[in-house]
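Q:
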Amino acid sequence: MDLGKDRGLLPLTRTELNCLRLSADGLGDCEIGARLELTPREVSSVLSVVMMKLRVPNRMAGLARAARLGLLEGEIRRPD
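Residue numbering for the sequence shown follows the working numbering, starting at 169 and increasing by one per position.
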């Protein structure tokens, strides 16, 4: 997902978007992992990268920024 060069943010992968959207739905790392066939540790790592890309200190701030950027809209899609 292209976040726009004007914002200076790095693009998110499909897996990163999926984890972000499921987190926004209130799922924890274990539940997200079960849906996406990842371990809870992998989910935590993916979400840490997302927070870095969004330039926020934590998940709550990340979800708020993602909502403002329109990143939470869309379907959860399995990796190819």
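Glycine residues also receive a C-beta, built at the ideal position from the N, C-alpha and C atoms. Quick caveat: nothing in here was measured; it's all calculated off a predicted structure.
#1: As a quick exercise: from 203, 179, 176, pick the residue whose alpha carbon is nearest that of residue 187.
#2: Determine, using beta carbons only, whether residue 239 and residue 185 come nearer to each other than 8 Å.
#3: May I have the straight-line CA-CA distance separating residue 221 from residue 205, to the nearest angstrom?
#4: Report all residues from its chain with a CB closer than 7 Å to the CB of residue 207; omit the five preceding and five following residues, and keep chain order.
#5: Report the rounded CA-to-CA distance for residue 182 versus residue 216, giving the unit in angstroms.
#6: Quick one: what does DSSP say residue 193 is sitting in, helix, strand or coil?
#7: Considering only the beta carbon of each residue, do residue 211 and residue 230 sit closer than 8 Å?
#8: Quick one: Cα of residue 199 to Cα of residue 223, how far?
A: Taking the coordinates as given:
#1: 203
#2: yes
#3: 23 Å
#4: 201
#5: 15 Å
#6: coil
#7: no
#8: 25 Å
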